Amino acid sequence: MPWDFIMIKIRYFLFLFLALFCVFAAFRCWTVPNVLIFRSESVGDIYVPTFYPPTDTARLKFSDGAVSAVSVHPDSAPIVQSNGLSIYRVSSTSPFCHTTPKFCVPGREGVIVLSGQNEKGPVFSSSYAVLTEVDTSLSHLRHLVNKSSPSQRLFVVSLNGRVKSVKELQNSGGDFSINLRDFEEFSYKFLIYSFVSSALIVFSIYILLSPGSLRFFRELYEQNKFSSLFVCVLWLLFYICVFPSMFCHDTIIHNANAQIYTEWYSGLYFIYNSCVRIIGFEWIQLVPALAGLLSVLLLLRCGSLAMAGRPTWQKRLLSTATIGVFVCNPAIIISMFSQQRYFVVITIVFLAISLWFYGYFKSLSENRPFSRSLAVAVLVLCGLSWLLRAEYLAVFAVSILFFVFSKVAAGRSRLLVVAGSVCFIMFMKMFIDHAMPILYDYNKDLAKWKYLTVSDISMSYPYICQGQVDQELAGIIGYFAPAQKVCEVGPESFWWGMMSGKAGLNAVPAMRNLQQRVVWDIKNDWRPFLHYRWETGLQLFFGDIWQMDSRYRRRDIARATGVPVDINTTIPDVFGLINDHPATRGLNRDVISLYVRASQAVNIKGLVVIAVVSIVALATGWSWLTPLFSLLFVAMVIPIVLVAPTVNWAYLAFIPVWASFSVPLAVCEILVTQRYFKNYAPRGWLASGFLHMQRFVRFAALSGGCWALDAVTLLVLNHAAHLPPMLANMISSCLAASIVFLVSCRHIHGASGDGLLKRSGFYIAYTLLLIIVASTVLPVLMGYLVQLGGLNLTGGRLLLLAKIIITPPQLICNFFVSRLVAHYTFPSRDR
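Counting in our numbering, the sequence shown runs from -7 upward without gaps.
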C-alpha cells in the first residue's frame, strides 16, 4: 500500500513536469534573430524605452550611410522584396558605390540599402541600426522612442532568420510601434533550460509537500505563529516595494537572453540566469528572496528548539531578537533583494547554514542522528555555493568533514550520503567546466587568463604607482596601454576601459608574463604589496553599501544633473525590468533611504559582533559550531583581500550577514548543548580539552577587557606623562594583570580564596618578571617594525601595534601561571 501511494505521487509529479516542460517549450524557447532598423532621416535619435533618462546603451547605433527622398535602385538584384520595398546587399567595389559613395558607408552588416516606394512615399536609405537579443528582449519589444523629427520613418528588416521581410513601423503618438514575434525562431538551447527549469520547479514543489517540510511548517505555525507571520508580511512588502529587484552591477541577463556563454560570473550563474529567462526575467530575484526568508524561518525554529521548556517571555524575547537582527541589517536586505553574484551565493550558503544548525539542534534535542535528507540538502547547497564563488570551497569542505567525522551525524548511511552529494557536485563542476564550453564553443583558457589578469593588474599597482617603478612590469602592461594609466584611473577601470578589449588570444603570452612578473616582484619585495593590501583591507572593511539605492533617487539625480546612470544599471533597464510602480513609489523611497543610513562600514561592525559573540559562546557553553563558522568566515577574508581586483564591500558581505546569524545561533547552541550535555555528560580527553578551552576563553575575555585598560593606560603614561615605553608598560601591565588574577582565581580556575594575598604576591612577582622581559622586547620590536617599513606607522600607532604583537604569548603564559598559582598548595606552618 505505501508503495502504491508513492507511485501515485510520482505519477502526479511526472505529469506536472511534462505539463510545465511542454508549456515552456511551446512558449518560452523562441528567440528573434538580429533585425535591421532603417531610418528615412539622418537627424535625431531613436531609443529603446527606458525608466531612466535614455543613455547610449538604449540608443540605436545607426550607421553613417546616407538617406534620400528619391528612390534609387542599386545595380544588383534585391535580396528581399515586400510591399514595394526592396533590400540590396551592395559590394563596396560596385559601380553604384563609385558613383554614389556616400550611400556605401558600411555598417555592422556591411553595405545594405533600402529602396522603394509604398503608400507613404518613396524612401532610399543605407543608414541602419542592428537590434539583437543582447540589446533588449526582442520578443517583448513593443515600441521605440522617437527623439527625431515627426516626419521620421522607420523600417524593420529581417535577413538572418528563416523569415526574410521588410516592414514599415507605424508611428503611434510620436513613437513607433514594433512587433517582432513574426520573426521568432525556435532555440534548442533554450529547450535544455526548459527541461532544467521544469525539473527544478517540480522538485521544489515535491520538497515543500514532503512529510518533513509539512511537519516543519506545522510546528512553525504552532510555536512561532505570530513571529513567522510578521516576517512573511515584512518580506512580502519589501519584495513588492523593490520588485523585480534592486538591480546593480554584474547583470548578465543580456548574455542569457542571447545565449552568449560566459564564465566571468561562474558557469552556474549563467545557467541560473538562463533558467530565469525561461520563467521570465521578472522573477530573477525570487530564488534569493525565498532562500533568505526560509533562513529566517529556520532560525525561528532553532529558537523554539533551544527554548523548549522555558518561560514564554524568554521564547518571545529570542524570537523578537532574531527578527530584529535580520530586519535591521542592511547587508541581509541587500543580499535578499539585489541581483548580484555576490549576493545570490550568500543567500544560498546561509540557507545551507540554517538547515545545518536546525538539523544539528534537532538531533541533539531528540538524541538521534542527523537527518539524511537535511544532510543531503546542506551538502548540495554548500557545493552549489562553491560552484558560484570559489572562496566558498572552505564551507563545502567543512560540511564534508562535519558529516564524515561528527558523532552527531553518525549513522550507517552517512558515508553514502556524503559520497553521493559530493559526486553530484563534482558532476556539476565537470559539466560546467567541460560540457558547457563545448556546447557554446567557448574558449575557457582565454577566459581563465582574463579573470586572473584582473587581479594581477591590481596586485601590480604598488610596483607601478608607489615607490620605485618596476620598468619590466611597466613594459609588460604597456603592451595593452601606458602603465601610468593604472595609477591615474585605478586597476579596475584600467582593465575595463583600456585592457579588456585587447585581451584576446594573441595577448595570452603577455598576460602570462604579467602574472609571472607580479609574483616575482612580490617574492623579491613583499613589503609594498603588504602595505597596499593593508590599505585595501581597511577600505573593504570600512566601505559602505553603495548598492542600497532607490531607482527613483537614481532617476532624480540623472534628471537633475544630466549625468547618466551607471552603464551596468542600464542593462536591466533596456530589458524593461526597472519600472515605475505608483502604488509603491513612496514606500520604495522611504524604506531604502532608511536602510541607507545604516549602510556605513557594515563589514567592520559585523566583524566586531562576530568576535564578541564567538567569545561569549565559547565561554558560556559547549558551543563549537558557531565559533567554528566565525573562524571560517574570518579566514576566508585573507585570500579575498590579497587578490581583490577593486574595493567593493560586497567581497566580504558574508561577514555582516553572519554577524546577524551568529547572534541567535550562538544563543541557541549554548542552550541546546548545555541541556544535552547535562543529560549526556561528555567524557574522556575530548571533554577535558573542551573544559580547558572554555576556561581559557573566559580568561582571554577577562584579559581582553583588562588589556584595553592596559593599552589606554600605556598610551596615557607614554604620551601624557612622558614616561619611557618600558616604565609605562610595566605600570600598565602590572595593574591589568593584578585585576585579571584576582577575578580569575575563583571564578575561572575554581580555586578557593585561601591565601589569596600570598597567591597574589607570587603572581605579582611573576608579572613583574614577565613585564621586564616584555618591556625589554617592546622597544626592540618597535625598532624592527620601523625598519620593516611598508605599514608607515609612527608614534602611538606603532606602539599599539607592537603591544598587539607581544600580547598573545603573554596571554598564554598568564593563563597557565595563574592556574598554577591558584591551585598551588603552600606548605603548612605546622610542618
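Using N, Cα and C, we set each Cβ at its ideal position, and we do this for glycine too. Quick caveat: nothing in here was measured; it's all calculated off a predicted structure.
On the DSSP bridge list, what partners appear for Q162? Its beta-bridge partners are S169.
Among residues of its own chain, excluding the 5 on either side of F88, which ones have a beta-carbon nearer than 8 Å to its beta-carbon? For F88, where only same-chain residues beyond five positions count, the Cβ hits under 8 Å are P66, D67, S68, V82, F95 and C96.
Helix or strand or just coil, what does DSSP make of T561? It is helical.
S157 - DSSP class collapsed to helix/strand/coil: DSSP places S157 in the strand class (E or B) of the three-state scheme.
Looking at the structure shown, is P648 part of a helix, part of a strand, or coil, going by DSSP? P648: helix per DSSP, three-state reduction.
Can you give, in chain order, each stretch of the alpha helix (DSSP H) that sits fully within the segment 542 to 617 and has at least 4 residues? Correct list: 543 to 553, 559 to 566, 577 to 588 and 594 to 612.
Verify whether the separation of the beta carbon atoms of Q539 and M328 is less than 8 Å. Taking C-beta atoms as the reference points, Q539 and M328 fail to come closer than 8 Å.
Mind checking whether A766 and I804 have CB atoms under 8 Å apart? One thing to note: A766 has its Cβ no nearer than 8 Å to the Cβ of I804.
Do you know offhand how far G782's Cα is from P631's? Here the model assigns G782 a pLDDT of 48, short of 50, so the residue's position is not dependable, and the following value carries that caveat. Distance from the CA atom of G782 to the CA atom of P631, rounded to whole angstroms, is 19 Å.
Could you tell me if L599 is buried or exposed, where buried requires 16 or more neighbouring beta carbons within 10 angstroms of its beta carbon? So L599 counts as buried.
So the candidates are S169, L161, Q109 and I193; which of them puts its Cα closest to the Cα of F7? Of S169, L161, Q109 and I193, the residue nearest in Cα terms is I193.
Compute the distance between the beta-carbons of K477 and F486, then report whether it is under 8 Å. Against a cut-off of 8 Å, the Cβ pair of F486 and K477 comes out as a contact.
Under a three-way DSSP split, which group does N671 fall into? Correct three-state label for N671: helix.
The alpha helix (DSSP H) enclosing H246, as first and last residue numbers: I245 to A250 is the extent of the alpha helix (DSSP H) around H246.
Spatial neighbours of D(-4) within its chain, please: CB distance less than 8 Å, with the 5 preceding and 5 following residues excluded, ordered by chain position. Legend: pLDDT at D(-4) = 49, less than 50; position of this residue unreliable, value from coordinates given subsequently. Excluding sequence neighbours, D(-4) sits near nothing in its chain.
Can M418 and V510 be called in contact, C-beta distance under 8 Å? Cβ distance not < 8 Å, so M418 and V510 don't count as in contact.
Take P70 as the anchor and find which of V64, S63, Y80 and V105 has the nearest alpha-carbon. Of V64, S63, Y80 and V105, the residue nearest in Cα terms is Y80.
Just checking my contact of A651 with V689 at CB under 8 Å: how many whole Å lie between their CB atoms? Taking C-beta atoms under 8 Å as the contact rule, A651 and V689 fail to qualify, at a distance of about 19 Å.
Measuring only the C-alpha atoms, how far is L532 from W641? Roughly 5 Å separates the two Cα atoms.
Alpha helix (DSSP H) segment containing Y350, residue limits: Where Y350 is concerned, the enclosing alpha helix (DSSP H) stretches over R333 to E358.
Just reading off the alpha helix (DSSP H) that Q463 is part of, what are its end residues? Start and end: Q463 to I469.
Inspect the CB distances between the segment 205 to 215 and the segment 44 to 58 and report whether three or more fall short of 8 Å. In short, these stretches do not touch, since the Cβ pair count stays below three.
Quick one: what does DSSP say R687 is sitting in, helix, strand or coil? Reduced to three states, the DSSP call for R687 is helix.
Continuous alpha helix (DSSP H) stretch holding N516: start and end: Segment V500 to N516, the alpha helix (DSSP H) holding N516.
DSSP state of W699, grouped into three classes? It is helical.
Can you name, in chain order, every residue of its own chain whose Cβ lies under 8 Å from the Cβ of C294, other than the five neighbours on each side? These residues qualify, in order along the chain: S346, F349, Y350, F353, P656, L657 and C660.
Residues sharing a beta bridge with S107, DSSP: Per DSSP, S78 and F116.
Output yes or no for whether 8 Å exceeds the beta carbon distance between P637 and N595. Contact: no.
On a CA-only basis, which of G753, R543 and K53 is nearest P564? Give me that one, please. Closest by alpha carbon: R543.
Assign Y776 to buried or exposed, taking buried as 16 or more other Cβ atoms, counted over all protein chains shown, within 10 Å of its Cβ. Classification of Y776: exposed, given that the 10 Å Cβ count is below 16.
So, S179 versus Q251, is the Cβ gap smaller than 8 Å? It is a contact, given that the beta carbons lie within the stated cut-off.
So, at 8 Å on beta carbons, what are the nonlocal neighbours of L444 in its own chain, with the 5 sequence-adjacent residues on each side left out? Correct list, in chain order: M503 and Q507.
Pull the bridge partners of G102 from the DSSP assignment, please. DSSP output for G102 lists G99 as bridge partner(s).
Proximity of S266 and F13 at Cβ, strictly below 8 Å: Contact annotation: S266 and F13 have beta-carbon atoms that are not nearer than 8 Å.
With H, G and I counted as helix, E and B as strand and the rest as coil, what does DSSP make of G782? Its pLDDT being 48, under 50, G782 is placed unreliably in this model, and the value from its coordinates should be taken loosely. If DSSP states are grouped into helix, strand and coil, G782 belongs with coil.
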